[in-house]
Amino acid sequence: MSTIAEDAGGPRAAPQPAAAPFRPPNMALCTLGLALASFMQVLDTTIANVSLPTISGNLGASANQATWVITSFAVSNAIALPLTGYLTRRFGEVRLFTWATLAFVIASFLCGIANSMGLLVVARALQGFVAGPMYPVTQALLISIYPPQKRGQAIALLAMVTVVAPIAGPILGGWITDNYSWEWIFFINIPIGIFASIVVGRQMKGRPEKLETPKMDYIGLATLVLGVGALQIMLDLGNDEDWFNSHRIVILAIVAAIALSVFVIWELTEKDPIVNLRLFRHRNFAAGTLALVMAYSAFFSISLLVPLWLQRNMGYTPIWAGLATAPIGLLPVILTPFVGKYAHRFDLRVLASVAFVVMAATSFLRSGFNLEVNFGRVAEIQLIQGLGVALFFMPVLTILLSDLEPHEISAGSGLATFVRTLGGSFAASLTTWAWNRRTTIHHAELTEHISAYDPAMQQTVYQLGHGDPQAGAVMLNQMIGQQALQIGFNEIFYLLGWIFLGVIVFVWFARPPFAAKAGTGAAAGH
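The sequence shown runs 0 to 525 under the numbering used here.
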């Protein structure tokens with residue numbers, strides 16, 4: 000067939016058909032590899048939490064030193080996340096995913112063979128850094144390889160990973176530590192990571208990517224590392240060091256404030272910034288990211304508070320606390336395929352609003368808890384909240400990515416995940432501080448009404464101690480402490496309920512259409 004067309008001006012070349020979108024040879028296998036890598040990476044944010052006492056005991060370290068196993072991962076991960084856009088431009092999405100996954104395997108191996116707390120902390124810092132780009136790049140790759148009508152399902156799959164992996168982490172970590180040894184919480188990453196990197200590397204071979212050689216923004220990088228590092232350490236150590244009564248916390252706060260202020264001003268004025276803060280010019284990205292950060296922070300607070308409350312106030316073991324909270328992941332697993340397939344038929348703002356109403360309702364229900372609540376009731380409310388979680392992540396992620404250009408998706412996903420991570424760190428610190436603060440206040444209020452000279456109180460103390468007044472006084476103080484903890488817990492959940500309702504406002508600042516863009520070929524990769 001001739002490729003020359005005639006017109007009044009003579010022969011001209013007929014328009015060439017657009018290049019077909021890249022599709023991996025085996026879509027299911029490629030999706031499995033991407034999902035496994037993300038699950039492994041997100042799982043490692045929580046899997047070591049319940050094993051810290053065992054790790055510190057085996058390595059001869061104190062409990063405070065052991066917390067750096069968590070802090071080092073969080074700090075380096077927070078630094079790496081916003082660099083995703085720069086790294087994808089420099090190396091390409093497929094290569095970055097493969098290298099980061101293999102580096103994660105090596106870091107996990109180093110964690111498992113560490114014979115001192117110092118080596119383990121360094122290995123965890125490396126693990127956190129290379130994990131940074133993995134989730135955003137996975138999101139960008141999934142969006143690029145799926146046809147438009149199925150991109151919602153791809154985003155929903157990652158949303159399910161985001162929800163289920165942190166829940167599974169403490170349960171799996173506790174089981175492995177109890178039945179094998181703590182080293183295996185890191186060694187299990189090795190076969191998963193090798194499988195994922197080989198599968199994705201082979202399936203994505205030949206995917207066109209346009210690489211650039213952007214100049215290194217040294218000032219942006221330095222202020223990012225300094226500011227985010229100081230802020231994350233401050234948030235992790237704040238509660239242990241009584242916040243601004245500690246000189247270390249004050250210094251960290253000053254360093255973080257100055258460095259991050261310089262970082263923001265520099266990145267907004269730099270011609271080729273290492274972190275593209277100008278992405279917030281997109282209305283849906285700004286509204287969606289704000290909703291994501293606020294809602295995820297409240298959700299993270301729940302994920303932190305409920306297991307802690309079950310252990311501190313209700314006497315649950317870590318494993319039983321994990322089992323009581325686990326039902327929150329059931330409905331997301333069941334509903335994710337349907338949400339991904341049919342969500343595009345609805346206004347995503349409506350779905351997100353329904354999610355926040357459900358999560359607000361479950362928070363209000365928890366605000367009525369007392370010391371007599373049983374396992375079934377806790378699990379039931381966790382199950383109901385799972386409906387909200389199932390409808391939360393996919394619509395909000397789709398909204399925030401919807402008005403980004405194809406080449407901005409990796410950077411946008413990394414930036415949104417970075418801000419979400421910082422929001423979770425703020426939520427963890429503020430929630431723990433508020434609970435302790437309100438507990439102290441309520442304990443003081445409750446003891447105001449107790450008099451050692453009240454005959455009825457003397458009789459109560461005598462009965463509690465079975466004839467020993469001192470033992471009875473200790474028991475009475477413990478009972479008052481439990482009630483104070485419970486009142487503080489209820490107050491925080493009442494506030495969280497209103498926060499979820501408030502997030503609905505941010506979602507409605509977004510404007511349709513909400514179809515996530517994805518370029519084909521080089522467009523998707525540059």
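No residue lacks a Cβ here, since even glycine has one placed at the ideal position from N, Cα and C.
> Helix or strand or just coil, what does DSSP make of F508?
Replying inline: Correct three-state label for F508: coil.
>> When you compare the region 245-252 with the region 284-297, are there three or more beta-carbon pairs, one atom per stretch, that lie closer than 8 angstroms?
In response: no
> So, is P512 buried or exposed, given that buried needs 16 or more other C-beta atoms within 10 angstroms?
Replying inline: The residue is exposed, with fewer than 16 neighbouring Cβ atoms inside 10 Å.
> Which residue from M133, I105 and F499 puts its Cα closest to that of A79?
Replying inline: M133
> Rounded to the nearest angstrom, how far is the Cβ of V160 from that of F96, given a contact under 8 angstroms?
Replying inline: About 15 angstroms; that fails the 8 angstroms criterion.
> If you draw a straight line from the alpha carbon of N76 to that of I440, how long is it in whole angstroms?
Replying inline: 36 angstroms
> If we ignore side chains and look at the alpha-carbon of each, how far apart do F128 and E407 end up?
Replying inline: Cα to Cα, the separation comes out at about 21 angstroms.
> Can you tell me whether DSSP reads F513 as helix, strand or coil?
Replying inline: coil
> If G219 and E269 are in contact, beta carbons under 8 angstroms, what's the gap, nearest whole angstrom?
Replying inline: 6 angstroms
> So, are the CB atoms of A359 and F505 less than 7 angstroms apart?
Replying inline: no
> Hey, L561 and V353 are a contact pair by Cβ (cut 8 angstroms); roughly how many whole angstroms apart?
Replying inline: The structure shown does not extend to residue 561, since the chain spans only 0 to 525, so no value can be given for it.
> By the 10 Å Cβ neighbour count, where 16 or more other Cβ atoms means buried, how is T212 classified, buried or exposed?
Replying inline: exposed
> From what residue to what residue does the alpha helix (DSSP H) around W67 run?
Replying inline: W67 to A79
> For W181, does the three-state DSSP call read helix, strand or coil?
Replying inline: In the structure shown, W181 adopts coil according to DSSP, grouped into three states.
> In the structure shown, what three-state DSSP assignment does M233 receive?
Replying inline: helix
> Counting only runs that start and end within the region 232-285, where is the alpha helix (DSSP H) found for 4 or more residues in a row?
Replying inline: Counting whole runs of 4 or more residues, the region 232-285 contains the alpha helix (DSSP H) stretches 246-268.
> Just how far apart, CA to CA, sit M393 and G151?
Replying inline: Distance between the alpha carbons of M393 and G151: 7 angstroms.
> Going along the chain, which residues of its own chain have a beta-carbon closer than 8 angstroms to the beta-carbon of R510, five neighbours each way excluded?
Replying inline: Within the same chain, Cβ atoms closer than 8 angstroms to the Cβ of R510 are found at R282 and N283, the five residues on either side in sequence being excluded.
>> To the nearest angstrom, how far is the alpha carbon of M26 from that of P146?
In response: 11 angstroms
> What residue ranges within the region 96-128 form continuous alpha helix (DSSP H) runs of no fewer than 4 residues, ordered along the chain?
Replying inline: Within the region 96-128, complete alpha helix (DSSP H) segments of at least 4 residues are not found at all.
>> Classify Q469: buried if its beta carbon has 16 or more other beta carbons within 10 angstroms, exposed otherwise.
In response: Residue environment analysis places Q469 among the exposed positions, since fewer than 16 neighbouring C-beta atoms fall within 10 angstroms of its C-beta.
> How long is the line joining the alpha carbons of V163 and G328, rounded to whole angstroms?
Replying inline: 5 angstroms
> Roughly how many angstroms separate the alpha carbons of S55 and T66, rounded to a whole number?
Replying inline: 9 angstroms
> Taking C-alpha atoms, which residue in S50, E208, F492 and A99 lies nearest to G367?
Replying inline: F492
> Considering F417, what are the terminal residues of the alpha helix (DSSP H) in which it resides?
Replying inline: I408 to T446
>> Taking its Cβ as the centre, do 16 or more other Cβ atoms sit within 10 Å of R419, making it buried, or is it exposed?
In response: By the neighbour-count criterion, in which a residue is buried when 16 or more other Cβ atoms sit within 10 angstroms of its Cβ, R419 is buried.
> Between the region 20-40 and the region 190-205, are three or more C-beta pairs nearer than 8 angstroms?
Replying inline: yes
>> Taking the alpha-carbon of P405 as reference, which of E371, L86, W98 and L140 has the nearest alpha-carbon?
In response: L140
> Do you know offhand how far Y85's Cα is from L370's?
Replying inline: Rounded to the nearest angstrom, the two C-alpha atoms are 51 angstroms apart.
> What is the DSSP secondary structure of P52, reduced to helix, strand or coil?
Replying inline: helix
> Secondary structure at T44, three-state DSSP: helix, strand or coil?
Replying inline: coil
> By Cβ distance below 6 angstroms, which residues in the same chain neighbour G111 in space, the five residues on each side in sequence not counted?
Replying inline: So the list reads E182, F185 and F186, once near-sequence residues are dropped.
> Taking all protein chains shown into account, do 16 or more other C-beta atoms lie within 10 angstroms of the C-beta of G117, making it buried, or fewer, making it exposed?
Replying inline: exposed
>> Give me the residue from A443, V377, V41 and I398 with the minimum Cα distance to D346.
In response: I398
>> Using only the alpha-carbon positions, how far apart do M478 and V460 sit?
In response: 12 angstroms
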